[in-house]
Structures are given as structure tokens and as C-alpha cells.
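Listed in order, the protein sequences are those of chains X and R.
So for the first sequence, the numbering used here puts the first residue at 2; every next one is plus one.
So for the second sequence, the numbering used here puts the first residue at 52; every next one is plus one.
Built from N, CA and C at the ideal position, the CB exists for glycine as well.
What follows is a short report on a single structure.
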Amino acid sequence: MSSAFVQMLQAVLLLLLAPLATGFVATCKARLQNRRGADVMQPWRNLRKLFGKEVVMAAHASWIFRTAPYVVFTATVMAASVVPALLVDTPLSLTADVIALVALLALARFFLALAGMDIGTAFGGMGASREMTFAALAEPAMLMSIFVLSLGAHSTNLTTMINHTLNSPFALHPSLAFAMVAMLMIAVAENGRIPIDNPGTHLELTMIHEAMILEYSGRHLALMEWAAMVKLMLFATLIADLFMPWGMTTDASLVGVAVAFALWIAKLAGLLLALAVIETSLAKLRLFEVPEYLSGAFVIAFLGLLSYYMLEVGA
Amino acid sequence: MSAALIQQLVDGLAALMLLTSFALLAQHRMLSVLNWFAAQGVLLAVTAAVVAYGTDNNELYISAVMTFLLKGLLLPWLLWRVIRELHVHREVEPLMNTTLTMLVALGVTLFAFHIIQPIEKISQLMTRDSMAIATACVLLGMLMMITRRKAITQVVGFLAVENSLFFAAIGSTNGMPLVVEIGIAFDVLIAALIFGLFFFQIRDTFDSLEVDAMNAHLIHGDDEE
Chain X
2 MSSAFVQMLQ
12 AVLLLLLAPL
22 ATGFVATCKA
32 RLQNRRGADV
42 MQPWRNLRKL
52 FGKEVVMAAH
62 ASWIFRTAPY
72 VVFTATVMAA
82 SVVPALLVDT
92 PLSLTADVIA
102 LVALLALARF
112 FLALAGMDIG
122 TAFGGMGASR
132 EMTFAALAEP
142 AMLMSIFVLS
152 LGAHSTNLTT
162 MINHTLNSPF
172 ALHPSLAFAM
182 VAMLMIAVAE
192 NGRIPIDNPG
202 THLELTMIHE
212 AMILEYSGRH
222 LALMEWAAMV
232 KLMLFATLIA
242 DLFMPWGMTT
252 DASLVGVAVA
262 FALWIAKLAG
272 LLLALAVIET
282 SLAKLRLFEV
292 PEYLSGAFVI
302 AFLGLLSYYM
312 LEVGA
Chain R
52 MSAALIQQLV
62 DGLAALMLLT
72 SFALLAQHRM
82 LSVLNWFAAQ
92 GVLLAVTAAV
102 VAYGTDNNEL
112 YISAVMTFLL
122 KGLLLPWLLW
132 RVIRELHVHR
142 EVEPLMNTTL
152 TMLVALGVTL
162 FAFHIIQPIE
172 KISQLMTRDS
182 MAIATACVLL
192 GMLMMITRRK
202 AITQVVGFLA
212 VENSLFFAAI
222 GSTNGMPLVV
232 EIGIAFDVLI
242 AALIFGLFFF
252 QIRDTFDSLE
262 VDAMNAHLIH
272 GDDEE
């Protein structure tokens, strides 16, 4: 198989499996809470239903409100497609730079916040303001935890970083443990999961993501929700890439790709299951405690950076 | 186990030590402060045991066991009893907000790293990397002492400083002579007992464990004379 084909394959897989991943988390949560819950296909059914419905829009919605779903979806999918999932060295690997990735996600977030404010409802403005406040804290922490890995690999390029991890001998790295904890905390926050935001309801005064897309309907809402699902998948894949890339294939052979695919699914399932357990066992934080949570993540990432210099450079 | 793996293990434990010091600073509730303090004690004992294994120093095993019993179990239990009897297990009231304290703590850690770097270059020990962290932990314990209002959290800060000094001793000299260590361990135990008695006295005299209350009382007393 050519590497371009594998690149296409993993982008399409990310897109198609994203609703299943969200459904998987929801099903696991339901089981953990002794409910039966819908099966993993439910998000797909929701999306299909939403795509079939007509779009209802406020009378004074501007072009921003209409284009935002497409921008958000495209930016998120672009970000997702450059993240290596199966093959380490893909044709797009030169663009798989972490800073570019964070910038793409920031673009999606920017338009999401604009769309939230466009209609002028109280909820939209509130959600947008909260989203931006927390983003300003979450983004530095995310970059900081990725930089811990970049220091070792001397690059912010994902492919180079993965290659470095795959080729270095086994060793205990306290700095990586810190970076991973920080990254997991940020991933939970960025995807609006339970200690920060509740994805299961849009009836709470403290909601963030749902508050911004409250005015959307029909295919616009479907695109927004799909983008959120792809983002969850993107973060899970990114964490698997950065901290446990073992099993990813370096050549585009059929066997290699098949093994990489099986391991990728296993890693994702593990991470998503952990997410379901976390969501079941924790209560949502008060809104004003979120900055403390995020600055905690930043401190942990920074500790990773410090312990890299203190413990691993000289050794 | 190979020497390299033991060194990595010591490094990992040092990183966890730094984490506990930060966690002690970040806690809001008295009981979680105590839990982290106990975790720090257990961590110290494990570090001592690992270094003992790595250097074939049998005396260090004894101090590891002593550390575990004293700092991992006895001291947290004593403090827990004091907290329960005095009903002060609610909020810890820091003088600065947590985020600011954390940023200061990061700065302090950087400073410690900067100071220790030249010393680290001369040392030949396998535990040399942990010296910077031990110094940082000492400074973080001091930071905890000056940013807290209640006498109990200040005492936990003091004991955390003592923990870090023990860690520094393991890291820089592979442990002090056993006699010295036994002496220090009993000193700490007696200090903790005396602190415990003091807490009750302070509460009886001033109706509060806040250090500010004592200051106010003393200043007020001066005015009257």
C-alpha cells in the first residue's frame, strides 16, 4: 500500500470512528452507572437525523453564524488528519507540527466563540466568554506538556517525536509521566468532559460548549457535534501518539498497518474507558474552580519540564 | 537490577517527592494536607530503601524502616488526632491564592535548580540528580510555612522541610551515620509531641489556631501596659 493511501485511510477512519468513540464513552458510562443506555451507534443515528432536518435560524443571524459550522468542522478535521494514527511517516507529516495543530484547534474555537456571540442571546455570550477564558489557560498548559517531549526529540514535529520515542531504549522518564498527567487533564478540559463541563446535558447554567451551540439546528448542529466528536478522537490519538506510540508502523505494508490498526483501537478503547470511569467517579467542578484545575495542569507540565532538566539532561 | 535502572528509579522518586511538595502547597483541606504529608513520608522510606539496595548500605535499610514507621504512620496519625480533637479539619486558609502560590513555587524550584547546578557537576554519586530537587523541596516547605495562617499547617510545613533535609542527606551523602539519624528521628518525634501540646495550649489561650490572632493579642497586651 502506498503511504498516501494509508494517510487517506486514517483520516477517513478518524472521521467515521469519531461518533462511535463518543458512543462508546456514553455506553460505558451508562453501564458504570447501572443504566442500560443506548448502544455505541446512537451518535451516528443522531447525526443522520440532524442532517435530515431543516435549519432554523434567527432572523438577525449574520454570515458568521452560517459559515461557522463549516469552518469549525473543516479546521477540526484538518487537525485530525495530520495526526499520525497508524503510519508514522505520512506524506502530510511535514505539516504535523504540534504548534500548527494547536493553531488549527484555536481557529475552530475562535469561530465557535464568534458564532456563540453572533445571535446575541445571553447563553451564547456566556458560553463564548467561558470558553475563551478557559482556553487561555488550557492552551499554554497543553503546549508546555508537549514541549517536554519536544525537548528530548529536538523537534515539535509529531513524526519526529514519535520516531524518537520508538527508537530510544526503555528508561523511566519522570518528566514524561508529568507531561502525560498534564496532557490527560487538558484533554478532559478541552473536550468539555465532566470535571469541567457536562456533555450529557444542555440544561445547566454552568455549561460551556452547549451554551455556544444552543441556537444551532439541523445540519449546522450536526457539523458542530461531529466536530466535537472528532476532537475527542483527535486528543485520544494524540495522547496515544505522544506517550505510547508502540505498535505504530513505519512502513506501509499490509500487515504492519493491520497490526497498527488493532493496537490503535485497543489504545483508544483503553483511554476512552478511563475517561468513562473518571466521568462516573468525579463530580463537576464549580465554574470558578476550573482556572485552578487548569493552572494545576500547567504546574504539572512545568514540573515535567523542570524534572527533564534536573534529572534527565545530565544523566 | 542494573545500576542505571536504580538511578532512574531514584530520579523517579525524586520527581514524585517534588510532586508531593507541590501538592502539599496546593491542598485546600487539612485532611488532604495530612494525606500528602503521609505519602511524602512513605516516599522517603522507599527512596531510602532503594538507595540502600543500590549502594549495599545496610544501615540505610534500618533508617528506611524507621522513616516509614515515624514519618509515614506515626506523625500523620498524631497530627490527625490533634486536628480531630481541635475540630480544625475544614479549610486551610492561605495568605495568597493558590495559583499565585504555585507560580511562586515554580520560581523557587527554578532558583534551587540554578543554585545546585555547579555542585551537581562535581558529584560522582548515583543520586546526584536528586540534590536540586531536595533543595527545592526544602524551599517549598519554607514557602508553605510563610503562606499559611494556621499553626498546624505551619508545623506540617516545618516537618516537610525536615523530610526534604533527610532526602537531601540520602541524595548527597547516601545517608548520615545511623546514630545521627536515630537522634534526628527522636528529635522530630519529640518536636511533634511538643507541637501537639502547644496546639492545645494555644487554642486554650487564644481561642484560635490562627497566628494572626496571637499577634493581635500580643500587640493589644502591649498597649495595655
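Notebook entry, point to check: Can you tell me the Cα-Cα spacing of residue 41(X) and residue 62(R), whole angstroms?
Noted result: By one-based count along the first sequence, residue 41(X) stands at place 40. By one-based count along the second sequence, residue 62(R) stands at place 11. Using only the alpha carbons, I get a separation of about 43 Å.
Item checked: Span separating the alpha-carbon of residue 311(X) from that of residue 158(R) -> Counting from one through the first sequence, the residue named residue 311(X) turns up at place 310. Counting from one through the second sequence, the residue named residue 158(R) turns up at place 107. Approximately 14 Å between the Cα atoms of the pair.
Margin query: Just to confirm the assignment: which complete alpha helix (DSSP H) runs, minimum length 4, are found wholly within the region 82-162 of chain R?
Written below: 109-118 and 126-137
Margin query: On the CB-based measure, 16 or more other CB atoms within 10 Å of its CB, does residue 267(X) come out buried or exposed?
Written below: Sequence index remark: in the first sequence, residue 267(X) carries index 266 (1-based). Counting Cβ neighbours within 10 Å, residue 267(X) comes out exposed, since fewer than 16 surround it.
Checklist line | Neighbour list for residue 81(R) in chain X, Cβ cutoff strictly below 9 Å | finding: Position 30 of the second sequence holds residue 81(R). Residues of chain X passing the Cβ test: none, with the nearest at roughly 18 Å.
Check: So, helix, strand or coil for residue 179(R), using DSSP?
Finding: Here residue 179(R) refers to the residue found at position 128 of the second sequence. The answer is coil: DSSP assigns residue 179(R) none of H, G, I, E or B.
Check: From 275(X), 283(X), 214(X) and 124(X), pick the residue whose C-alpha is nearest to that of residue 69(X); which is it?
Finding: Here residue 69(X) refers to the residue found at position 68 when the first sequence is read from its first residue. The candidate whose alpha carbon is nearest that of residue 69(X) is 214(X).
Next item on the list: Tell me where the alpha helix (DSSP H) around residue 164(X) begins and ends.
Entry: Translated into positions along the first sequence, residue 164(X) becomes position 163. Per DSSP, residue 164(X) belongs to the alpha helix (DSSP H) from 159-168.
Next item on the list: Would you tell me roughly how many angstroms separate the C-alpha atoms of residue 309(X) and residue 135(R), rounded to the nearest one?
Entry: The residue given as residue 309(X) occupies position 308 in the first sequence. The residue given as residue 135(R) occupies position 84 in the second sequence. The straight-line gap from Cα to Cα measures roughly 40 Å.
Notebook entry, point to check: Which residue's Cα is closest to the Cα of residue 125(R): 193(R), 204(R) and 89(R)?
Noted result: Looking up residue 125(R) in the second sequence gives position 74. Checking every option, the nearest Cα to that of residue 125(R) belongs to 89(R).
Item checked: Contact set between the region 282-306 of chain X and chain R, restricted to residues whose Cβ is under 9 Å from the partner -> 292, 293, 296, 297, 299, 300, 301, 303, 304 and 305
Checklist line | Which of helix, strand or coil DSSP assigns to residue 90(X) | finding: Position 89 of the first sequence, counted from the first residue, corresponds to residue 90(X). Here residue 90(X) sits in coil by DSSP.
Checklist line | For residue 28(X), the residue or residues it bridges with in DSSP | finding: On the first sequence, position 27 is the one that residue 28(X) refers to. Note: residue 28(X) sits in no beta bridge, so no partner.
Item checked: Where the alpha helix (DSSP H) through residue 210(X) begins and ends -> One-based indexing of the first sequence puts residue 210(X) at position 209. Where residue 210(X) is concerned, the enclosing alpha helix (DSSP H) stretches over 210-213.
Margin query: Output needed in chain order: residues of the region 56-72 of chain R with a Cβ under 8 Å from some Cβ in chain X.
Written below: 56, 58, 59, 60, 62, 63, 65, 66, 67, 69 and 70
Checklist line | For residue 186(R) and residue 163(R), believed in contact at Cβ under 8 Å, the rounded distance | finding: In the second sequence, residue 163(R) corresponds to position 112, counting from 1. In the second sequence, residue 186(R) corresponds to position 135, counting from 1. At roughly 4 Å, the Cβ-Cβ gap stays under 8 Å, so residue 163(R) and residue 186(R) are in contact.
Notebook entry, point to check: In terms of alpha-carbon separation, which member of 248(X), 222(X) and 240(X) lies closest to residue 72(X)?
Noted result: The residue you call residue 72(X) lines up with position 71 of the first sequence. Residue 222(X) is the option with its Cα nearest to residue 72(X).
Notebook entry, point to check: Comparing alpha-carbon positions, which option in 240(X), 226(X) and 160(X) lies nearest residue 178(X)?
Noted result: Counting from one through the first sequence, the residue named residue 178(X) turns up at place 177. Answer by Cα proximity: 240(X).
Item checked: Reduced DSSP category for residue 40(X) - H, G, I as helix; E, B as strand; rest coil -> In the first sequence, the residue the question calls residue 40(X) occupies position 39. Residue 40(X) falls in the coil class under three-state DSSP.
Notebook entry, point to check: Buried or exposed: where does residue 275(R) fall if 16 or more other Cβ atoms within 10 Å of its Cβ makes it buried?
Noted result: Here the question's residue 275(R) lines up with position 224 in the second sequence. Because residue 275(R) carries a pLDDT of 48, less than 50, the predicted location of this residue cannot be relied on, and no value is offered for it.
Check: Can you tell me the Cα-Cα spacing of residue 128(R) and residue 137(X), whole angstroms?
Finding: What you label residue 128(R) is simply residue 77 of the second sequence in a count that begins at 1. What you label residue 137(X) is simply residue 136 of the first sequence in a count that begins at 1. So the two alpha carbons sit approximately 41 Å from each other.
Notebook entry, point to check: Identify the residues that DSSP records as bridge partners of residue 369(X): which are they?
Noted result: With chain X covering 2 to 316 only, the question about residue 369(X) has no answer from this structure.
Item checked: Where the alpha helix (DSSP H) containing residue 61(R) begins and where it ends -> The sequence position of residue 61(R) within the second sequence is 10, counting from 1. Counting along the chain, the alpha helix (DSSP H) containing residue 61(R) begins and ends at 54-77.
Check: Near residue 66(R), which residues of its chain fall below 8 Å by C-beta distance, leaving aside the five closest residues on each side in sequence?
Finding: As a first step, residue 66(R) must be located in the second sequence, where it is residue number 15. Counting only Cβ-Cβ distances below 8 Å, and skipping sequence neighbours, we find 184.
Next item on the list: Count the other C-beta atoms from every protein chain shown that fall within 10 angstroms of the C-beta of residue 64(X), then say buried if there are 16 or more, exposed otherwise.
Entry: Taking the first sequence and counting its residues from 1, one reaches residue 64(X) at position 63. The residue in question, residue 64(X), is exposed, as its Cβ has fewer than 16 Cβ neighbours within 10 Å.
Check: Among 45(X), 88(X) and 12(X), which has the Cα closest to the Cα of residue 77(X)?
Finding: Taking the first sequence and counting its residues from 1, the one referred to as residue 77(X) is at position 76. Comparing Cα positions, the closest option is 12(X).
Note to self: With H, G and I counted as helix, E and B as strand and the rest as coil, what does DSSP make of residue 198(X)?
What the structure shows: As a working mapping, residue 198(X) is identified with position 197 in the first sequence. Three-state DSSP puts residue 198(X) in coil, outside helix and strand.
Next item on the list: Provide the residue span of the alpha helix (DSSP H) that contains residue 215(R), from first to last.
Entry: The count along the second sequence starts at 1 and reaches residue 215(R) at position 164. Note, residue 215(R): alpha helix (DSSP H), 202-224.
Notebook entry, point to check: Along chain X, in chain order, which residues have C-beta atoms closer than 7 Å to that of residue 157(R)?
Noted result: Walking along the second sequence from the start, residue 157(R) turns up at place 106. 300 and 303, listed in chain order.
Checklist line | Contacts that residue 179(X) makes with chain R (C-beta to C-beta distance below 8 Å) | finding: Mapped onto the first sequence, residue 179(X) falls at position 178. Here the neighbours are 66 and 70.
Notebook entry, point to check: Okay, do the region 271-286 of chain X and the region 29-36 of chain X touch, 3+ Cβ pairs below 8 Å being the bar?
Noted result: yes
Next item on the list: Determine which residues share a DSSP beta bridge with residue 1(X) and list them.
Entry: This structure does not reach residue 1(X), given that chain X is present from 2 up to 316, and the question cannot be answered.
Margin query: Rounded to whole angstroms, what is the Cα-Cα separation between residue 56(R) and residue 105(R)?
Written below: As a working mapping, residue 56(R) is identified with position 5 in the second sequence. As a working mapping, residue 105(R) is identified with position 54 in the second sequence. So the alpha carbons of these two residues sit roughly 10 Å apart.
Next item on the list: With distances taken Cα to Cα, identify the nearest neighbour of residue 182(R) among 253(R), 226(R) and 237(R).
Entry: By 1-based counting over the second sequence, the position of residue 182(R) is 131. Comparing Cα-Cα distances from residue 182(R) to each of 253(R), 226(R) and 237(R), the minimum goes to 226(R).
Next item on the list: Could you tell me which chain R residues have their CB closer than 7 Å to the CB of residue 172(X), listed as they occur along the chain?
Entry: For the purposes of this step, residue 172(X) is taken as the residue at position 171 of the first sequence. Per Cβ cutoff of 7 Å: 59.
Notebook entry, point to check: Can you tell which of 141(X), 113(X) and 142(X) has its C-alpha closest to the C-alpha of residue 130(X)?
Noted result: Here residue 130(X) refers to the residue found at position 129 when the first sequence is read from its first residue. It is 113(X) whose Cα lies nearest to the Cα of residue 130(X).
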